[in-house]
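As they're listed, the protein sequences go chains U and H.
If you're matching positions, the first sequence starts at 21 in my numbering and goes up one per residue.
If you're matching positions, the second sequence starts at 21 in my numbering and goes up one per residue.
Where is the CB? At the ideal position from N, CA and C, for every residue including glycine.
Contents: one structure, followed by commentary.
Number of protein chains: 2
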Amino acid sequence: MPGHIQSLERAAAILRLLAGGERRLGLSDVASSLGLAKGTTHGILRTLQQEGFVEQDPVSGKYQLGAELLRLGNSYLDVHELRARALVWTDDLARSSGEAAYLGVLHQQGVLIVHHVFRPDDSRQVLEVGAMQPLHSTALGKVLAAFDPVAHSEAAEGERTALTGRTVTTAEDFEAVLELARARGWAADLEETWEGVASVAAPVYDRRRMPVGAVGITGAVERVCEGTEIRARLVAAVRDCARAVSRDLGAGRF
Amino acid sequence: MPGHIQSLERAAAILRLLAGGERRLGLSDVASSLGLAKGTTHGILRTLQQEGFVEQDPVSGKYQLGAELLRLGNSYLDVHELRARALVWTDDLARSSGEAAYLGVLHQQGVLIVHHVFRPDDSRQVLEVGAMQPLHSTALGKVLAAFDPVAHSEAAEGERTALTGRTVTTAEDFEAVLELARARGWAADLEETWEGVASVAAPVYDRRRMPVGAVGITGAVERVCEGTEIRARLVAAVRDCARAVSRDLGAGRF
DNA sequence: AGCTGTGGTCGACAATGTCGACCACAGCGG
DNA sequence: CCGCTGTGGTCGACATTGTCGACCACAGCT
């Protein structure tokens, strides 16, 4: 049995390394970072380059990620059934709530944003599709951790770094937060990830009633909150959206 | 010399195959499509799955692209210098022109959209970042083919399929179109790709004065055109934007 | 010049990935 | 109900394939 293909694992490690570092990396950097021989690293990089997964700056010789990854990532979105179903509903959610709407799924130890609808005003906003958010501090992450067992263990085992003064970091407090989310059917993030920013999210279920993702909205705490709580109207809008997407996926009535 | 790593090339072929087909593919489909033994294919797929590049539907056993590709594709955008410089200028372009703005680069035989600013109204629009456009019929593609020698040979060798009745397909006509683009410094697409849709684009240069991409706008022909020509105001806006981005990249004055 | 770094090449060696037969299971039709 | 045919998946022998580390050419500093 060819357990796992070594060269592929190494290629993946190289890609992740290039994705992590802000700027381009040289051949020697890559080789030493992964503990590989230069020749080996060069062979992998050359092949990755030929396939378009990696590009090389002709003058400096440094390597960076390639365009083919963007194209394939886009194709991933096309195939994604959850995202396809959620497109129209999240659009309505952003419109009715007046805030940016997000759709996230569990990926490794975080939430991967697979859809993002801009807040419906003319402000300049950057698209966050493909970005990762922490499980322990965001509304999307808490929802996943509360309702998806896999996400729960990832969140429990992972580190809970304090991103603001309000971030929940201890295991007991975090479990209490998840318990509350399970009881209420939704989760909130009150300046626990970014100062001045709050979010609400609710789970999306598939036809087997298994949680497959979370939808939510994020916005300035002054707009999203009323006192120390999320505005009830927004909570209702998010939950309605999550139910609508779940129904589209075949989860039936609740 | 380890020419090219076979297993990596095969893995890339599998990913492209999965990206091409609309729906998920089974192990046997993949193996027969690529002419590989099932065992070999399974080994590659298993590794790709472990690395997150491929996901497997637990019930049907079919394979599809994985979330890690989206994450890496997003990282590619972060590193992309051209895109980073263009962010603010394309935003202004969309605002001043009232149309959707695009930034594209050459990738294989087409234009890869690396940035897309929605038309500034409340209509529902789908993000096209990561999508590909043809070189021979779109304004972005013509600009690249006219100014970038590599793009030119790709376009000349590639097939020019007629997407509408107005698509330029013969080699002579196409070269004339490119000559016009070089003379004017910009290119147009008057319903040559989609019925009722027109676009304008201009080239972006880097610090070595080499063309590295193209910016442009796309919109309904009634709004973008005046008679049989693009509105002069929009052409000027696109060219200004292209110059601004080029200047940001260090191309200096023209 | 000479040093030290870079990316890149080469060839020997064996670890590695490949192949094709084989297995367990599921769905279908007789 | 039972084989048939399809699926995804496993296994072990074989040799192809990728790996290693020394080596090369070049560039930028001392």
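1. Quick one: residues in its chain with C-beta nearer than 6 Å to the C-beta of residue 46 of chain H, no 5 flanking neighbours on either side, listed in chain order?
2. Flag residue 97 of chain U as yes if its beta-carbon sits less than 9 Å from any beta-carbon of chain H, otherwise no.
3. Is the CB of residue 76 of chain H under 9 Å away from at least one CB in chain U?
4. Going straight from the alpha carbon of residue 94 of chain U to that of residue 150 of chain H, what length do you get?
5. Using a Cβ cut-off of 8 Å, which residues of the segment 157-177 of chain U contact any Cβ in chain H, in chain order?
6. Rounded C-beta distance between residue 106 of chain H and residue 114 of chain H? I'm assuming under 8 Å.
7. According to DSSP, is residue 163 of chain H part of a helix, a strand, or is it coil?
8. Can you tell me where the beta strand (DSSP E) holding residue 132 of chain U begins and where it ends?
9. Taking beta-carbon pairs under 8 Å, can you tell me which members of the segment 85-96 of chain U lie near chain H?
10. Are the C-beta of residue 186 of chain U and some C-beta of chain H separated by less than 9 Å?
11. Using the Cβ count rule (16 or more neighbours within 10 Å means buried), how would you classify residue 270 of chain U?
12. Can you check the segment 73-118 of chain U for any alpha helix (DSSP H) of at least 4 residues that lies completely inside it and give the ranges in chain order?
13. I'd like the span of the alpha helix (DSSP H) that includes residue 248 of chain H, first residue to last.
14. Does any residue of chain H have a CB that is nearer than 9 Å to the CB of residue 111 of chain U?
15. What do you reckon, are the CB atoms on residue 153 of chain H and residue 160 of chain H nearer than 9 Å?
16. Kindly indicate which three-state DSSP category residue 178 of chain H falls into: helix, strand or coil?
17. State the Cα-Cα distance for the pair residue 239 of chain H and residue 218 of chain H, rounded to the nearest angstrom.
18. Tell me, please, whether the CB atom of residue 102 of chain H is closer than 9 Å to any CB atom in chain U?
19. Residue 67 of chain H CB to nearest chain U CB: under 9 Å?
20. Give me whichever residues DSSP pairs with residue 127 of chain H in a beta bridge.
21. In terms of alpha-carbon separation, which member of U/235, U/182 and U/210 lies closest to residue 247 of chain U?
22. Per DSSP, residue 152 of chain H is paired with what?
23. So, helix, strand or coil for residue 140 of chain U, using DSSP?
24. How many Å lie between residue 274 of chain H and residue 263 of chain H at the Cα?
25. For residue 169 of chain H, count the other beta carbons within 10 Å of its own beta carbon; 16 or more makes it buried, fewer makes it exposed. Which is it?
26. Is residue 268 of chain U close to chain H? Criterion is C-beta to C-beta, closer than 9 Å.
27. Whose Cβ in chain U lies nearer than 9 Å to the Cβ of residue 7 of chain H?
28. Please identify, using Cβ separations under 8 Å, the residues of the segment 134-159 of chain U that lie next to chain H, in order along the chain.
29. Tell me the DSSP bridge mates of residue 189 of chain U?
30. By how many angstroms is the C-alpha of residue 167 of chain H removed from the C-alpha of residue 230 of chain H?
31. With DSSP as the reference, label residue 67 of chain U as helix, strand or coil.
Reading off the structure:
1. Position 26 of the second sequence, counting from 1, holds the residue named residue 46 of chain H. So the list reads 82, once near-sequence residues are dropped.
2. As a first step, residue 97 of chain U is located in the first sequence; it is residue number 77 there, counting from the start. Chain H, which has a Cβ nearer than 9 Å to the Cβ of residue 97 of chain U, makes this yes.
3. For the purposes of this step, residue 76 of chain H is taken as residue 56 along the second sequence, with counting starting at 1. It does not; no Cβ of chain U falls within 9 Å.
4. By 1-based counting over the first sequence, the position of residue 94 of chain U is 74. By 1-based counting over the second sequence, the position of residue 150 of chain H is 130. Using only the alpha carbons, I get a separation of about 5 Å.
5. none
6. For the purposes of this step, residue 106 of chain H is identified with residue 86 of the second sequence, where counting begins at 1. For the purposes of this step, residue 114 of chain H is identified with residue 94 of the second sequence, where counting begins at 1. Actually they are not in contact, since the Cβ atoms of residue 106 of chain H and residue 114 of chain H sit about 12 Å apart, beyond 8 Å.
7. Here residue 163 of chain H is taken as the residue at index 143 of the second sequence, counted from 1. In the structure shown, residue 163 of chain H sits in a helix (DSSP, three-state: H, G or I).
8. The sequence position of residue 132 of chain U within the first sequence is 112, counting from 1. Residue 132 of chain U -> beta strand (DSSP E) spans 130-137.
9. 85, 86, 87, 88, 89, 90, 91, 92, 93, 94, 95 and 96
10. Reading the first sequence from its first residue, position 166 is the one you call residue 186 of chain U. Not one chain H Cβ lies under 9 Å of residue 186 of chain U.
11. For the purposes of this step, residue 270 of chain U is taken as the residue at position 250 of the first sequence. Per the 10 Å Cβ criterion, exposed.
12. 87-99 and 101-117
13. Mapped onto the second sequence, residue 248 of chain H falls at position 228. Taken as a continuous stretch (DSSP letters only), residue 248 of chain H belongs to no alpha helix (DSSP H), as it is neither H nor E.
14. Residue mapping note: residue 111 of chain U aligns to position 91 of the first sequence, counting from 1. Closer than 9 Å: yes.
15. Reading the second sequence from its first residue, position 133 is the one you call residue 153 of chain H. Reading the second sequence from its first residue, position 140 is the one you call residue 160 of chain H. Yes; because the gap between Cβ atoms is below 9 Å, this pair is in contact.
16. Counting from 1 along the second sequence, the entry for residue 178 of chain H is found at position 158. Of the three classes helix, strand and coil, the one that applies to residue 178 of chain H here is coil, per DSSP.
17. As a first step, residue 239 of chain H is located in the second sequence; it is residue number 219 there, counting from the start. As a first step, residue 218 of chain H is located in the second sequence; it is residue number 198 there, counting from the start. Their backbone Cα atoms lie some 6 Å apart in a straight line.
18. Along the second sequence, read from residue 1 onward, the residue named residue 102 of chain H stands at position 82. For residue 102 of chain H, the answer is no, since every Cβ of chain U falls outside 9 Å of its Cβ.
19. Sequence index remark: in the second sequence, residue 67 of chain H carries index 47 (1-based). So yes, residue 67 of chain H belongs to the interface.
20. Position 107 of the second sequence, counting from 1, holds the residue named residue 127 of chain H. Answer is H/130.
21. The sequence position of residue 247 of chain U within the first sequence is 227, counting from 1. The candidate whose alpha carbon is nearest that of residue 247 of chain U is U/210.
22. Residue mapping note: residue 152 of chain H aligns to position 132 of the second sequence, counting from 1. Beta-bridge pairing links residue 152 of chain H to H/132.
23. On the first sequence, residue 140 of chain U is found 120 positions in, with the first residue counted as 1. Coil at residue 140 of chain U, not helix or strand.
24. Counting from one through the second sequence, the residue named residue 274 of chain H turns up at place 254. Counting from one through the second sequence, the residue named residue 263 of chain H turns up at place 243. The predicted model places residue 274 of chain H with a pLDDT of 47, which falls under 50 and marks its position as unreliable; any figure quoted below should be read in that light. Those two C-alpha atoms are separated by around 8 Å.
25. Stepping through the second sequence from its first residue, residue 169 of chain H is reached at position 149. By the 10 Å Cβ count, residue 169 of chain H comes out exposed.
26. Here residue 268 of chain U is taken as the residue at index 248 of the first sequence, counted from 1. Chain H, which has no Cβ nearer than 9 Å to the Cβ of residue 268 of chain U, makes this no.
27. This structure leaves residue 7 of chain H out entirely; chain H is present only between 21 and 274.
28. 134, 138, 140, 142, 144, 146, 147, 149, 150, 151 and 152
29. Here the question's residue 189 of chain U lines up with position 169 in the first sequence. Per DSSP, none; premise fails for residue 189 of chain U.
30. Here the question's residue 230 of chain H lines up with position 210 in the second sequence. Here the question's residue 167 of chain H lines up with position 147 in the second sequence. Going by the C-alpha atoms only, they are around 9 Å apart.
31. Your numbering for residue 67 of chain U matches position 47 in the first sequence. Correct three-state label for residue 67 of chain U: helix.
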